[in-house]
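Chemist: The opening position of the sequence shown corresponds to residue 1 in this note's numbering, with each subsequent residue numbered one higher. Every residue gets a Cβ at the ideal spot worked out from N, C-alpha and C, and that includes glycine.
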Amino acid sequence: MPALTSVSGFPRIGQNRELKKIIEAYWKGAASLDEVRGTAKELRAKHWKLQAQAGVDLIPSNDFSYYDQMLDTAILLNVIPQRYKRLAFTNPEETLFAMGRGYQGDKGDVTALPMKKWFTTNYHYIVPEIEESTEIRLNGTKPFDEFNEAKARGILTKPVLIGPYTFLKLARNAQAEELTYDKGLVNAVAAVYAEVIKRFAALGAQWLQLDEPYLVLDKEDGDVSLFKSLYAKILPAREDKIKVLLNTYFGHIADVYETVNLLGFDGIGLDLNEGKDENLAAVEKYGVAENTTLFAGVVNGRNIWRNNYAVSLGLIDALRQKTDNVAVSTASSLLHVPFSTEGETALDPAVLKHFAFAVEKLTELKEIAVLADSDEDAKKASADLAANQALFDGTRVAADPAVAERIAKLTDADFVRQPARAERQKEQRVALGLPLLPTTTIGSFPQTKEIRAERAKLRKGEITKAEYDEFMKAQIDACIRHQEQIGLDVLVHGEFERNDMVEYFGQNLNGFLFTKNAWVQSYGTRCVKPPIVWGDVSRANPITVEWSAYAQSRTNHVMKGMLTGPVTILNWSWPREDITHEQQTQQLALAIRDEVLDLEAAGIKVIQIDEAALREKLPLRKTDWHAKYLDWAIPAFRLVHSAVKPTTQIHTHMCYSEFNDIIRDIDAMDADVISFEASRGDLVVLDAIHDAHFETEAGPGVYDIHSPRIPGEQEIEDRIYEILKKMDIEKVWINPDCGLKTRGNAETWPSLEHMVAAAKAVRAKI
Ligand code: GLN
Ligand code: ZN
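1. Restricting to Cα atoms, I'd like to know which of 309, 359, 654 and 573 is closest to residue 51.
2. So does residue 442 have its beta carbon nearer than 7 Å to some heavy atom of ligand 2?
3. So, with DSSP's three-state summary, where would you put residue 564?
4. I'd like to confirm the pairing. Which residues does DSSP put opposite residue 124 in its beta bridges?
5. What is the residue span of the beta strand (DSSP E) that residue 502 lies within?
6. When the Cα atoms are used, what is the spatial distance from residue 113 to residue 540?
7. Can you check which of these residues, 697, 86, 345 and 396, is closest to residue 577 by C-alpha distance?
8. Could you pull the DSSP bridge partners for residue 424 from this structure?
9. Using three-state DSSP, classify residue 523 as helix, strand or coil.
10. Anything with a beta carbon under 5 Å from a heavy atom of ligand 2 counts; list them all in chain order.
11. When DSSP builds the beta bridges, which residues end up paired with residue 458?
12. Classify residue 783 as helix, strand or coil using the three-state DSSP reduction.
13. Quick check: does the Cβ of residue 495 come within less than 7 Å of any heavy atom belonging to ligand 1?
14. Measure how close the beta-carbons of residue 740 and residue 446 come, nearest whole angstrom, since I'm counting them as under 8 Å.
15. Between residue 501 and ligand 1, is there a pair consisting of the residue's CB and a ligand heavy atom that are separated by less than 7 Å?
16. Using alpha carbons as the reference points, say which of 152, 605 and 74 lies closest to residue 96.
17. Quick one: Cα of residue 750 to Cα of residue 735, how far?
18. In or out: residue 460 buried (at least 16 other Cβ within 10 Å) or exposed?
19. So, are the CB atoms of residue 60 and residue 151 less than 8 Å apart?
20. Using 8 Å as the cut-off, can you tell me whether the stretch 634-651 makes contact with the stretch 400-408, which would need three or more C-beta pairs spanning the two stretches below that distance?
21. Given that a residue counts as buried once 16 or more other Cβ atoms are within 10 Å of its Cβ, and exposed if not, what is residue 693?
22. Take residue 699 as the anchor and find which of 664, 117, 754 and 759 has the nearest alpha-carbon.
23. For residue 335, I'd like the list of residues in its chain whose CB is within less than 8 Å of its CB, leaving aside the five on either flank, ordered along the chain.
24. Any heavy atom of ligand 1 inside 7 Å of the beta-carbon of residue 741?
25. If you draw a straight line from the C-alpha of residue 231 to the C-alpha of residue 162, how long is it?
26. Using only CA atoms, which one of 280, 245, 282 and 357 lies nearest to residue 265?
27. Just how far apart, CA to CA, sit residue 473 and residue 508?
28. Can you check the stretch 278-357 for any alpha helix (DSSP H) of at least 4 residues that lies completely inside it and give the ranges in chain order?
29. Could you check which residue in 263, 748 and 706 has the C-alpha nearest to that of residue 526?
30. So who's on the other strand from residue 559, going by DSSP bridges?
31. With a cut-off of 8 Å on the beta carbons, I'd call residue 533 and residue 575 a contact; round off their distance for me.
32. By DSSP, does residue 173 sit in helix, in strand, or in coil?
33. If we count the other Cβ atoms within 10 Å of its Cβ and call it buried at 16 or more, is residue 581 buried or exposed?
34. Under 8 Å between the Cβ atoms of residue 174 and residue 129?
35. Grab the span of the beta strand (DSSP E) containing residue 675 for me, first residue to last.
36. Can you grab the Cα-Cα spacing for the pair residue 20 / residue 7, in whole Å?
Printed below as a string of structure tokens:
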């Protein structure tokens, strides 16, 4: 019998982002909830069918979500804070959306729950909040309904849930602190999962997958016993009627493998891409329980490249030294890869054949499973294997010697900006003449329909470049006037010419490739379309200089130039796998360095280099942070700006506030100013800034731009006072917590007006 094949999760947004479109239409009042439900149902059916046709044995269900699977899990456990319950919506979806994105209307006014990055991905999950009064119990029937829905279509799926351990480790209390895992809480959560198992067994499910990615993190005191006590309570509910797959991904579980193995799971999912050596060593050392199937995560759920079959077969063989029960699986959910290469007609077939998106990965999974059960002769005769091998023989692209030469010539001095920051900050204060608590924004302003339409017209050749430039300049002019009117101090041009902060730069760099439709989910209905690093990277032409210089010529205020940093460009692209991330980042750093110097030469005095994704690729285990990442990522940022004049002010921006644990590294980026998110989460980072004697001036975002809600002036003023309790006023900047491009003008301008008014009010009082 060929090895079982299993998919951990499938993209849910739809081949053409149908789910995004219908939900956003519903939010705007242009579609009904029933239409949303209808589209969702069609998408689920389509995705199950695709997997069934590809011959996948264990097809996931409940991997679908309207907004986020963590939010779904919270709701399933009745972890719904009172403030959302009080809105008393009739439809559960309305409560769900209020939790995910906030609500302001006739039923009340609530902010959204915080959102955080899902491990090392660019996906964001909603952080569940467990209040004192929360009564944990099974709530709703979503997983069962979706299982039944598939069953009615003749597909017996493997339901997927986020596991109790990961749920509890990621949930927070009402004060946004980690939970205390007392007996009552653990029992209540375990009871819900036990009940879920029983129900699925009754419905006829054969497998249930519980995702426990939190297991790949370093363990703190009590973690292993928490895990054990949860599962010791949950697993007996199987009563031999259903199998439970404990699924892990994004790293290895070598430090708990022995415990996991002893608990008697029917399946253990191991990531054999990330953390493969440690996972293999653990299996080697502790073996595999008799009735346990190892799910070999060989098909990468995080890249777009074809699988190297020889490598995957080797990994499966290694596991088979210890057990015959090996299933072939995706290494993680395919949520993090685009839907299909079908339709990417603009790419050269010679290039495209190196790519595998979600649909193509299904075929790979099946082919690998078949090959894994073939004898040597059959393998030799296999056309699939031969075709696959050919992709990895020889070099894929020619190297660019000029890039290599430039990197070889770098010296330590190229990574250090002179003079020291404290000195520069003094000079900049004089040169820029800004008030205390200077106000600014993060760069982008709302990307209206008209703006996007104009870009599309240019792309389709319906307008000339001159007409396009004219239009964009008018947008910039209007945006500058508006910023001047409301009294912002450091202005921006609005980034109207950019589709996306990474793709835009990629398009102007050598070495990148682009897709038409390779979208992946980022948060809620938001998707990103990362470019692909195909060859050596260098800057083709100046990228932003003309726009920034134009904008500066239209105002007497300081105009901030806006760039994306090398670490973020790489982290939000699909990196090559034939050279290291460090090498790719250095190439990018040199390209952006050219742009920084050209901006400075064009008279731009403040330059922001966004590193929105810096933290994202921080290795999950702390012990790897420096050696495997920060030791090259931070210097790469310094390489970008080290050659500017002391009076040129370098800003950076990060879309999160969770950097108290790497605060010294952030300071070592040696930027003059940093803006970051602080409005949704807690303000712990401010303590860290205080305690670390953080040198970089900082703008902790004073309001949340991920929600359409308009913050009041008083609310922002209060926030500023909170910040001033922790930071030296000379170092504080006032800004929203991220770019405004996803917002509408209707909420953006009043929000900014309140922000500026609040800053002025505070200035007047101190
Ligand atoms: N400058 C970018 C913008 O304002 C930053 C976006 C981001 O950090 N995600 O859109
Ligand atoms: Zn941001």
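Modeler: The relevant details are as follows:
1. Distances from the CA of residue 51 to each of 309, 359, 654 and 573 were compared; the closest alpha carbon is that of 359.
2. Distances taken from the Cβ of residue 442 to the heavy atoms of ligand 2 include one shorter than 7 Å.
3. Here residue 564 sits in strand by DSSP.
4. Per DSSP, 117.
5. Residue 502 -> no beta strand (DSSP E), and no H or E assigned at all.
6. Going by the C-alpha atoms only, they are around 42 Å apart.
7. Just measuring C-alpha positions, the residue of 697, 86, 345 and 396 sitting nearest residue 577 is 396.
8. Per DSSP, none; premise fails for residue 424.
9. Three-state result, residue 523: strand.
10. Result (chain order): 612, 655 and 738.
11. Answer by DSSP bridge pairing: none, since residue 458 is not bridged.
12. With the chain running from 1 to 766 in the structure shown, residue 783 is simply not present.
13. Within the cutoff, so yes.
14. That belief holds up - the Cβ atoms of residue 740 and residue 446 are roughly 6 Å apart, short of 8 Å.
15. Checking every heavy atom of ligand 1 against the Cβ of residue 501, one is found closer than 7 Å.
16. Here the closest residue by C-alpha is 74.
17. Cα to Cα, residue 750 sits roughly 14 Å from residue 735.
18. Looking at its Cβ environment, which holds fewer than 16 other Cβ atoms inside 10 Å, residue 460 is exposed.
19. Their beta carbons are not under 8 Å apart, which means residue 60 does not touch residue 151 by this criterion.
20. Too few Cβ pairs lie closer than 8 Å, so no.
21. Counting every other CB atom within 10 Å of its CB across the protein chains shown gives residue 693 a total below 16, marking it as exposed.
22. Comparing Cα positions, the closest option is 759.
23. Excluding positions up to five away in sequence, the list reads 9, 10, 11, 12, 63, 123, 301, 520 and 521.
24. Correct: residue 741 has its Cβ closer than 7 Å to ligand 1.
25. Rounded to whole angstroms, residue 231 to residue 162 spans 13 Å at the Cα level.
26. Measuring from the Cα of residue 265, the nearest candidate turns out to be 245.
27. Going from the Cα of residue 473 to the Cα of residue 508 covers about 20 Å.
28. For the stretch 278-357, the continuous alpha helix (DSSP H) assignments of 4+ residues that do not extend past its boundaries occur at 309-320 and 349-352, in sequence order.
29. Looking from the CA of residue 526, the closest CA among 263, 748 and 706 belongs to 706.
30. The partner list for residue 559 (beta bridge, DSSP) reads 491.
31. Their Cβ separation, rounded to whole angstroms, is 5 Å, which keeps residue 533 and residue 575 in contact under 8 Å.
32. Residue state, collapsed to three classes: strand.
33. Label assigned to residue 581: buried.
34. Yes, the pair counts as a contact, with Cβ atoms nearer than the cut-off.
35. Judged by DSSP secondary structure, residue 675 falls within the beta strand (DSSP E) whose first and last residues are 673-676.
36. If I take the Cα positions, the gap works out to 23 Å.
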